[in-house]
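Counting in the working numbering, the sequence shown runs from 68 upward without gaps.
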Amino acid sequence: MSDEPTRITDFEDPSEDPLFSVENEDSSTQIFERKELLKVGHVPESARIVGRDTEIESVAAELRPIVRSEPPNNVMIYGKTGTGKSLVTRHVTERARQAADAQGVTVGTVYVDCAQHDTHTRVARSITRTLNDEESTGLSIPRTGIGSGEYYDYLWEILDVSYDSVLVILDEVDRLETDDVLMQLSRARESGKAECHLGIVAISNKIEYRDSLNERVKSSLREEEFVFQPYDANQLREIMEHRRDAFKDDVLTDDVIPLTAAFAAQEHGDARKAIEILRHAGELAERRADGEITDGHVRDAQEWAEVDRFEELLRGSTTQVKFILYSLAVLTRENRENEFSTSRIYKQYSTVCDQLDANVLSEHRVYELLKEQAFLGVVESTRTGGGRGQGSYLEHRLVQDTSVVLKSVLRDSRFDNLE
Ligand SMILES: Nc1ncnc2c1ncn2[C@@H]1O[C@H](COP(=O)(O)OP(=O)(O)O)[C@@H](O)[C@H]1O
Ligand SMILES: [Mg+2]
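Structure representation (structure tokens):
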């Protein structure tokens, strides 16, 4: 064997191509035993769902009539992201379907992610095509070329032919352009357009959503409402404990789950955040070839998540805004204080622009952009009384951690030439 490092171009058999190694796809690694348990879209089995018994029972009670072939109640679920709304809904509707089936009642369920199907026609198409079993209905539903009205005509026919009841889950319903979908579905139910009973379970991250609904929709929907509360640190800990087997034995050190839970609890109790941080901590350990996951990995993973979120907040901002925020971050890092006047920021900003060979805006423009960032919550601007006869002026400080701000603006390639 030679000591030459193997080159990425050195391979003979395509099945051994190091760029596309199949071995890497295996979910079992040094750190992970079953990484898929920590994937975003993963729907865990019942035993892994913890701390939502009351919610599960309440939603089930509204749907229960369908197992006796009676009409279910419509349900609306509100709550912040990561509070288990989608999970509980999928879990309960699937159990309802199976329980009905055991009674000889045919229930169809259809899950629509309205964030992906944001127009009326797309939702109608998705519901209709999912519920259609071509073999039993003999209908072939076109993918394109017809409008929502025609999809509904097909849908009523499918409901009559194939089902006793159907449950339609509209997840992230607030993302729909109009409330026509709710209008159509709830009216069809009222007018008995189909023999089949139709139940709607709508989910929204925004509690204000109901106020935005048309009065007619509200009165025909007549739904039961539930609000899912955020998880506390103990519940988050338990949720993660129930997925511990995603990891190899003994790789999780004792602090990891409690610390992750504490971070996610600060993040309004978001279980998705918790699971993401946990997975990322594992990936960091793996990438650094560390044999176990420690609180250091969790802290880095948490910072990474914050950098991501901050970058998201900056998306759509101009490069000039990033120069300004970068300047403020540099000042904050290099000085004891953390509040700076517009003119100090401007001086730093001019230097940065020079270094990067970028065009320099006027001080007044920079002042306006800072005020805009204050409006967006990225910086906080306070008015400071100058000394006697000096008048007052604004001072600005970063709301976020300096290192988070620096890391996320530095992801912009315009900064690549900086020392
Ligand atoms: N009570 C729970 N038990 C186990 N896992 C949960 C629980 N609540 C949420 N999760 C997990 O957290 C993530 C986010 O949950 P999700 O139902 O998508 O939240 P929401 O729809 O409210 O944003 C998912 O991976 C889900 O499996
Ligand atoms: Mg959801």
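Just so it is clear, CB atoms sit at the ideal spot from N, CA and C, and this is done for glycine as well.
1) Just the C-alpha distance for Asp93 and Phe99, rounded to the nearest angstrom, thanks.
2) For Ile270, which three-state DSSP category applies?
3) Check for me: the beta strand (DSSP E) holding Val142 runs from which residue to which?
4) Mind checking whether Val174 and Ile213 have CB atoms under 8 angstroms apart?
5) Can you give me the C-alpha to C-alpha distance between Val107 and Ser408, rounded to a whole angstrom?
6) Is Ile75 buried or exposed, if buried means 16 or more other CB atoms sit within 10 Å of its CB?
7) For ligand 2, which residues have a Cβ under 6 angstroms from at least one heavy atom, in chain order?
8) Let me confirm a value: Phe314 is counted as buried when at least 16 other C-beta atoms fall within 10 Å, else exposed. Which label applies?
9) Taking the alpha-carbon of Tyr460 as reference, which of Ala329, Gln440, Glu406 and Arg311 has the nearest alpha-carbon?
10) For a quick check, are the C-beta atoms of Ala114 and Val159 less than 8 angstroms apart?
11) Can you look up Asp93 in the DSSP assignment and give me helix, strand or coil?
12) Quick check: the Cα distance between Leu206 and Ser286, rounded to an integer number of angstroms?
13) Which residue comes first and which comes last in the beta strand (DSSP E) that contains Leu465?
14) Let me know the secondary structure DSSP gives Val107 once reduced to three states.
15) Under a CB-based cut-off of 8 angstroms, is Val248 close to chain D?
16) Classify Gln302 as buried or exposed, calling it buried when 16 or more other Cβ atoms lie within 10 Å of its own Cβ.
17) What is the DSSP secondary structure of Thr385, counted as helix, strand or coil?
18) Bridge partners for Arg450 per DSSP, in chain order?
19) Name the residue from Glu122, Glu112, Gly151 and Pro85 whose alpha carbon lies nearest to the alpha carbon of Asp508.
20) Compute the beta-carbon to beta-carbon distance between Thr327 and Leu345, rounded to the nearest angstrom, for a pair I have assumed lies under 8 angstroms.
21) Might you give, ordered along the chain, the residues of its own chain that have their beta carbon closer than 7 angstroms to the beta carbon of Gly149, omitting 5 neighbours on each side?
22) Which whole-angstrom value describes the C-beta separation of Val179 and Ile236, a residue pair presumed to lie in contact below a C-beta threshold of 8 angstroms?
23) If you check the beta carbons only, do Val472 and Leu380 fall under 8 angstroms apart?
24) Less than 7 angstroms between the CB of Pro139 and some heavy atom of ligand 1, yes or no?
25) Is Arg101 near ligand 1, in the sense that its beta carbon is under 7 angstroms from a heavy atom of that ligand?
26) With a threshold of 7 angstroms (Cβ to nearest heavy atom), would Pro111 be considered close to ligand 1?
27) Could you pull out every unbroken alpha helix (DSSP H) segment of at least 4 residues lying fully inside the segment 222-267, listed in chain order?
28) Let me check understanding here. Comparing Cα to Cα, which of Asp80, Gln97, Leu104 and Pro85 lies closest to Glu308?
29) Can you find the residues in the same chain that come closer than 8 angstroms, C-beta to C-beta, to Asp70, ignoring five residues on each side of it along the sequence?
30) Buried or exposed: which applies to Ala169, given that a residue is buried once 16 or more other Cβ atoms fall within 10 Å of its Cβ?
Let me spell this out:
1) Only weak support is given to the placement of Asp93: the predicted model assigns it a pLDDT of 49, under 50, and the question is left unresolved by the model.
2) strand
3) Val142 to Gly146
4) When the beta-carbon positions are compared, Val174 and Ile213 stay at least 8 angstroms from each other.
5) Cα atoms of Val107 and Ser408: separation of roughly 43 angstroms, rounded to the nearest angstrom.
6) exposed
7) Lys152, Ser153 and Asp238
8) buried
9) Glu406
10) Not closer than 8 angstroms, so no.
11) Only weak support is given to the placement of Asp93: the predicted model assigns it a pLDDT of 49, under 50, and the value that follows is read from those uncertain coordinates. It is coil, neither helix nor strand.
12) 33 angstroms
13) It spans Ser459 to Leu465 - the beta strand (DSSP E) in which Leu465 sits, taken as one unbroken run.
14) coil
15) Of the protein chains in this structure there is only one, and it is not chain D.
16) Here Gln302 is buried: its Cβ has 16 or more other Cβ atoms, across all protein chains shown, within 10 Å.
17) coil
18) Leu461
19) Given that the chain is displayed from residue 68 to residue 486, the structure contains no residue 508 and the question cannot be resolved.
20) 5 angstroms
21) Asp337, Ala338, Arg339 and Lys340
22) 7 angstroms
23) no
24) no
25) no
26) yes
27) 247-258
28) Leu104
29) A caution first: Asp70 carries a pLDDT of 47, below 50, which makes its placement in the model too unreliable to give a value.
30) exposed
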